[in-house]
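Undergrad: Submitted below is the structure of interest, expressed as C-alpha coordinates.
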Amino acid sequence: MEPTENGCFHCGEPIPAGIDLFIERDGVRRPVCCSGCQAVAELIFGAGLGRYYRFRQEVGRRAEEDLRPALDAWQGCDDRESLWGAELADGGRELLLQTEGIRCAACAWLIRSHVEHRPGVRSVQVDTATGYTRIVWDPSRDRLSGLAAALMELGYKPHLPLASAEEEGRQAEKRDSMKRLGVAGLGMMQVMM
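Structure representation (C-alpha coordinates):
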(Lines of atoms letter the chains of each structure in order from A and count residues from 1; the text may use other names and numbers.)
(Lines give C-alpha, C1' and ligand atoms only; values in the text may rest on other atoms or scores of the structure.)
Protein backbone atom coordinates (compact mmCIF):
# COMPACT_ATOMS: atom_id res chain seq x y z
CA MET A 1 0.00 0.00 0.00
CA GLU A 2 1.40 3.35 -1.00
CA PRO A 3 0.96 6.35 1.30
CA THR A 4 -1.30 9.23 0.40
CA GLU A 5 -0.10 11.60 -2.32
CA ASN A 6 1.38 14.22 0.03
CA GLY A 7 2.13 11.86 2.89
CA CYS A 8 5.24 10.29 4.30
CA PHE A 9 6.48 7.35 2.22
CA HIS A 10 6.90 5.23 5.36
CA CYS A 11 4.03 6.12 7.71
CA GLY A 12 1.59 8.05 5.48
CA GLU A 13 1.37 10.99 7.91
CA PRO A 14 1.20 14.47 6.38
CA ILE A 15 4.58 16.10 5.80
CA PRO A 16 4.90 19.04 8.22
CA ALA A 17 5.58 22.46 6.71
CA GLY A 18 9.27 23.17 6.40
CA ILE A 19 10.34 19.51 6.44
CA ASP A 20 12.42 18.61 3.40
CA LEU A 21 13.50 15.02 4.07
CA PHE A 22 13.61 12.30 1.44
CA ILE A 23 14.82 8.81 0.76
CA GLU A 24 15.98 8.04 -2.74
CA ARG A 25 15.54 4.64 -4.35
CA ASP A 26 15.65 3.67 -8.02
CA GLY A 27 16.12 7.31 -9.01
CA VAL A 28 12.91 8.37 -7.25
CA ARG A 29 12.90 10.77 -4.28
CA ARG A 30 10.23 9.82 -1.77
CA PRO A 31 9.27 12.30 0.97
CA VAL A 32 9.33 11.33 4.65
CA CYS A 33 7.90 13.26 7.59
CA CYS A 34 10.78 12.96 10.06
CA SER A 35 14.29 11.67 10.52
CA GLY A 36 12.89 8.60 12.31
CA CYS A 37 10.86 7.51 9.27
CA GLN A 38 13.83 8.34 7.06
CA ALA A 39 16.12 6.12 9.15
CA VAL A 40 13.63 3.23 9.23
CA ALA A 41 13.03 3.38 5.47
CA GLU A 42 16.79 3.52 4.81
CA LEU A 43 17.31 0.55 7.14
CA ILE A 44 14.60 -1.45 5.37
CA PHE A 45 16.01 -0.73 1.92
CA GLY A 46 19.62 -1.10 3.08
CA ALA A 47 18.90 -4.57 4.46
CA GLY A 48 17.41 -5.61 1.12
CA LEU A 49 13.88 -5.70 2.55
CA GLY A 50 12.31 -3.04 0.30
CA ARG A 51 9.65 -5.52 -0.85
CA TYR A 52 7.90 -4.67 2.42
CA TYR A 53 6.61 -1.46 0.86
CA ARG A 54 4.98 -3.34 -2.03
CA PHE A 55 3.22 -5.92 0.11
CA ARG A 56 2.08 -4.02 3.20
CA GLN A 57 -1.66 -3.60 3.62
CA GLU A 58 -1.43 -0.42 5.68
CA VAL A 59 1.22 2.25 5.94
CA GLY A 60 3.78 1.80 8.71
CA ARG A 61 3.86 3.44 12.10
CA ARG A 62 5.57 6.76 12.48
CA ALA A 63 9.06 6.00 13.75
CA GLU A 64 10.38 7.30 17.03
CA GLU A 65 13.09 9.85 16.39
CA ASP A 66 14.90 9.24 19.69
CA LEU A 67 15.11 5.60 20.68
CA ARG A 68 17.70 6.14 23.44
CA PRO A 69 15.24 6.26 26.41
CA ALA A 70 13.50 3.07 25.28
CA LEU A 71 16.82 1.33 24.60
CA ASP A 72 18.09 2.33 28.05
CA ALA A 73 14.99 0.78 29.63
CA TRP A 74 15.55 -2.47 27.73
CA GLN A 75 19.22 -2.58 28.75
CA GLY A 76 18.01 -2.60 32.34
CA CYS A 77 16.29 -5.91 31.55
CA ASP A 78 19.51 -7.55 30.34
CA ASP A 79 20.68 -8.27 33.88
CA ARG A 80 17.36 -9.95 34.65
CA GLU A 81 16.93 -11.98 31.44
CA SER A 82 16.22 -15.06 33.54
CA LEU A 83 12.95 -13.45 34.67
CA TRP A 84 11.64 -13.16 31.12
CA GLY A 85 10.63 -16.01 28.90
CA ALA A 86 11.50 -19.66 29.31
CA GLU A 87 14.86 -21.39 29.41
CA LEU A 88 15.15 -24.22 26.92
CA ALA A 89 16.94 -27.54 27.52
CA ASP A 90 19.83 -26.53 25.23
CA GLY A 91 20.47 -23.26 27.11
CA GLY A 92 18.54 -21.10 24.67
CA ARG A 93 15.70 -18.82 25.69
CA GLU A 94 12.20 -18.39 24.31
CA LEU A 95 10.47 -15.05 24.73
CA LEU A 96 7.04 -13.80 23.78
CA LEU A 97 6.91 -10.02 23.24
CA GLN A 98 3.83 -7.93 22.70
CA THR A 99 4.83 -5.94 19.61
CA GLU A 100 2.94 -2.72 19.06
CA GLY A 101 2.43 -1.67 15.46
CA ILE A 102 2.06 -5.01 13.67
CA ARG A 103 -0.64 -4.40 11.06
CA CYS A 104 -0.36 -7.01 8.31
CA ALA A 105 1.52 -9.98 6.90
CA ALA A 106 4.13 -7.64 5.41
CA CYS A 107 4.91 -6.39 8.93
CA ALA A 108 5.37 -9.99 10.08
CA TRP A 109 7.65 -10.74 7.13
CA LEU A 110 9.72 -7.61 7.79
CA ILE A 111 10.18 -8.45 11.47
CA ARG A 112 11.11 -12.08 10.75
CA SER A 113 13.50 -11.13 7.96
CA HIS A 114 15.28 -8.49 10.05
CA VAL A 115 15.43 -10.18 13.47
CA GLU A 116 16.40 -13.65 12.17
CA HIS A 117 19.71 -12.22 10.95
CA ARG A 118 20.84 -11.22 14.44
CA PRO A 119 23.57 -13.37 15.98
CA GLY A 120 22.20 -16.20 18.06
CA VAL A 121 18.59 -15.88 16.90
CA ARG A 122 17.24 -19.34 16.11
CA SER A 123 13.67 -18.57 15.14
CA VAL A 124 11.17 -15.73 14.97
CA GLN A 125 7.41 -16.15 14.71
CA VAL A 126 5.02 -13.22 14.40
CA ASP A 127 1.28 -13.49 15.03
CA THR A 128 -0.46 -10.63 13.23
CA ALA A 129 -3.80 -11.39 14.91
CA THR A 130 -2.49 -10.99 18.46
CA GLY A 131 0.49 -8.71 17.88
CA TYR A 132 2.89 -11.09 19.61
CA THR A 133 6.39 -11.94 18.46
CA ARG A 134 7.99 -15.19 19.65
CA ILE A 135 11.78 -15.25 19.56
CA VAL A 136 14.05 -18.20 20.36
CA TRP A 137 17.68 -17.19 20.77
CA ASP A 138 21.01 -17.99 22.39
CA PRO A 139 21.47 -15.45 25.24
CA SER A 140 25.25 -15.94 25.14
CA ARG A 141 25.28 -14.42 21.63
CA ASP A 142 22.65 -11.67 21.91
CA ARG A 143 20.99 -9.75 24.72
CA LEU A 144 17.32 -9.03 25.29
CA SER A 145 18.02 -5.34 24.66
CA GLY A 146 19.53 -6.24 21.27
CA LEU A 147 16.37 -8.07 20.25
CA ALA A 148 14.22 -5.14 21.38
CA ALA A 149 16.50 -2.73 19.49
CA ALA A 150 16.07 -4.77 16.30
CA LEU A 151 12.28 -4.35 16.56
CA MET A 152 12.52 -0.65 17.43
CA GLU A 153 14.84 -0.01 14.46
CA LEU A 154 11.91 -0.98 12.24
CA GLY A 155 9.46 1.29 14.07
CA TYR A 156 7.76 -1.37 16.22
CA LYS A 157 7.45 -1.09 19.99
CA PRO A 158 8.16 -4.30 21.90
CA HIS A 159 6.74 -4.81 25.39
CA LEU A 160 7.31 -7.57 27.89
CA PRO A 161 4.20 -9.68 28.55
CA LEU A 162 1.44 -7.73 30.25
CA ALA A 163 0.29 -8.18 33.81
CA SER A 164 -2.59 -10.63 34.14
CA ALA A 165 -5.40 -8.03 34.37
CA GLU A 166 -4.15 -6.20 31.31
CA GLU A 167 -3.68 -9.50 29.49
CA GLU A 168 -7.27 -10.49 30.26
CA GLY A 169 -8.45 -7.22 28.74
CA ARG A 170 -6.36 -7.86 25.64
CA GLN A 171 -7.76 -11.39 25.35
CA ALA A 172 -11.31 -10.01 25.63
CA GLU A 173 -10.50 -7.53 22.87
CA LYS A 174 -9.14 -10.37 20.75
CA ARG A 175 -12.33 -12.42 21.30
CA ASP A 176 -14.45 -9.43 20.26
CA SER A 177 -12.35 -9.01 17.13
CA MET A 178 -12.73 -12.69 16.28
CA LYS A 179 -16.52 -12.44 16.72
CA ARG A 180 -16.63 -9.46 14.36
CA LEU A 181 -14.51 -11.36 11.87
CA GLY A 182 -16.86 -14.35 12.09
CA VAL A 183 -19.94 -12.19 11.52
CA ALA A 184 -18.24 -10.52 8.55
CA GLY A 185 -17.36 -13.95 7.14
CA LEU A 186 -20.96 -15.12 7.45
CA GLY A 187 -22.12 -11.96 5.74
CA MET A 188 -19.69 -12.54 2.86
CA MET A 189 -20.90 -16.12 2.49
CA GLN A 190 -24.48 -14.82 2.19
CA VAL A 191 -23.42 -12.32 -0.45
CA MET A 192 -21.72 -15.06 -2.47
CA MET A 193 -24.80 -17.30 -2.49
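Under the working numbering, the residue at position 179 of the sequence shown is numbered 1447, and the numbers go up by one with no gaps.
Glycine included, each C-beta is placed from N, C-alpha and C at the ideal position.
Please report how far the alpha carbon of Ala-1374 lies from the alpha carbon of Tyr-1320, in whole angstroms.
TA: If you number the sequence shown from 1, residue 1374 lands on position 106. If you number the sequence shown from 1, residue 1320 lands on position 52. Distance between the alpha carbons of Ala-1374 and Tyr-1320: 6 Å.
Undergrad: Decide if Leu-1356 is buried, meaning its Cβ has at least 16 other Cβ atoms within 10 Å, or exposed.
TA: In the sequence shown, the residue the question calls residue 1356 occupies position 88. By the neighbour-count rule (16 or more Cβ atoms within 10 Å), Leu-1356 is not buried but exposed.
Undergrad: Quick test of your reading: Leu-1415 and Arg-1390, contact by CB under 8 Å. State the CB separation rounded to the nearest angstrom.
TA: Position 147 of the sequence shown, counting from 1, holds the residue named residue 1415. Position 122 of the sequence shown, counting from 1, holds the residue named residue 1390. With 8 Å as the limit, Leu-1415 and Arg-1390 do not qualify as a contact, their Cβ atoms being about 12 Å apart.
Undergrad: With DSSP as the reference, please indicate the residues paired to Pro-1387 in a beta bridge.
TA: Along the sequence shown, one-based indexing puts residue 1387 at 119. Paired residues: none, contrary to the question.
Undergrad: Short of 7 Å in beta carbon distance, which residues of its chain neighbour Ser-1432, apart from the five on each side in sequence? Order them along the chain.
TA: As a first step, residue 1432 must be located in the sequence shown, where it is residue number 164. Note that Ser-1432 scores 46 on pLDDT, short of 50, meaning its location in the model is unreliable and no value can be drawn from it.
Undergrad: Closest to His-1278 by CA distance: which of Arg-1298, Asp-1406, Leu-1419, Val-1451 is it?
TA: Translated into the one-based positions of the sequence shown, residue 1278 becomes position 10. Nearest C-alpha to His-1278: Arg-1298.
Undergrad: Roughly how many angstroms lie between the CA atoms of Leu-1289 and Ala-1315, to the nearest whole one?
TA: Reading the sequence shown from its first residue, position 21 is the one you call residue 1289. Reading the sequence shown from its first residue, position 47 is the one you call residue 1315. For Leu-1289 and Ala-1315, the distance between alpha carbons rounds to 20 Å.
Undergrad: Check each candidate in Cys-1276, Asp-1410, Gly-1280, Phe-1313 and name the one with the smallest Cα separation from Cys-1293.
TA: Position 25 of the sequence shown, counting from 1, holds the residue named residue 1293. Note on identity: in this sequence residue 1293 is Arg, with Cys being the wrong assignment. From the listed residues Cys-1276, Asp-1410, Gly-1280, Phe-1313, the smallest Cα separation to Arg-1293 is found for Phe-1313.
Undergrad: I'd like to check one pair, Ile-1291 with Ala-1309: are the Cβ atoms closer than 7 Å?
TA: What you label residue 1309 is simply residue 41 of the sequence shown in a count that begins at 1. What you label residue 1291 is simply residue 23 of the sequence shown in a count that begins at 1. A contact, by the Cβ cut-off of 7 Å.
Undergrad: Quick check on Glu-1362: does DSSP put it in helix, strand or coil?
TA: To locate residue 1362, count along the sequence shown from 1; it is residue 94. Three-state DSSP puts Glu-1362 in a strand.
Undergrad: What distance in whole Å lies between the Cβ atoms of Leu-1419 and Thr-1367, which are believed to be in contact at a cut-off of 8 Å?
TA: In the sequence shown, counting from the first residue as 1, residue 1367 sits at position 99. In the sequence shown, counting from the first residue as 1, residue 1419 sits at position 151. The pair is a contact, with the Cβ atoms about 6 Å apart (cut-off 8 Å).
Undergrad: Looking at Trp-1377 and Gly-1388, is the spacing between their C-beta atoms short of 7 Å?
TA: On the sequence shown, residue 1388 is found 120 positions in, with the first residue counted as 1. On the sequence shown, residue 1377 is found 109 positions in, with the first residue counted as 1. No, the pair does not count as a contact, with Cβ atoms beyond the cut-off.
Undergrad: Since Ile-1312 is in the alpha helix (DSSP H), which residue starts that stretch and which ends it?
TA: Counting from one through the sequence shown, the residue named residue 1312 turns up at place 44. It spans 1303-1314 - the alpha helix (DSSP H) in which Ile-1312 sits, taken as one unbroken run.
Undergrad: Per DSSP, which residues does Arg-1293 bridge with? Please list them.
TA: By 1-based counting over the sequence shown, the position of residue 1293 is 25. Paired residue(s): Val-1296.
Undergrad: Between Lys-1442 and Gly-1369, how many whole angstroms is the CB-CB distance? I'm expecting something under 8 Å.
TA: Position 174 of the sequence shown, counted from the first residue, corresponds to residue 1442. Position 101 of the sequence shown, counted from the first residue, corresponds to residue 1369. That belief does not hold up - the Cβ atoms of Lys-1442 and Gly-1369 are roughly 17 Å apart, past 8 Å.
Undergrad: Which ranges does the alpha helix (DSSP H) cover as unbroken runs of at least 4 residues, wholly within the segment 1391-1458, from first to last along the chain?
TA: 1412-1421
Undergrad: Just the C-alpha distance for Asp-1410 and Gly-1275, rounded to the nearest angstrom, thanks.
TA: Sequence index remark: in the sequence shown, residue 1410 carries index 142 (1-based). Sequence index remark: in the sequence shown, residue 1275 carries index 7 (1-based). Cα to Cα, the separation comes out at about 37 Å.
Undergrad: Go ahead and label Gly-1295 buried or exposed: buried means 16 or more other beta carbons lie within 10 angstroms of its beta carbon, across all protein chains shown.
TA: As a first step, residue 1295 is located in the sequence shown; it is residue number 27 there, counting from the start. Result: exposed.
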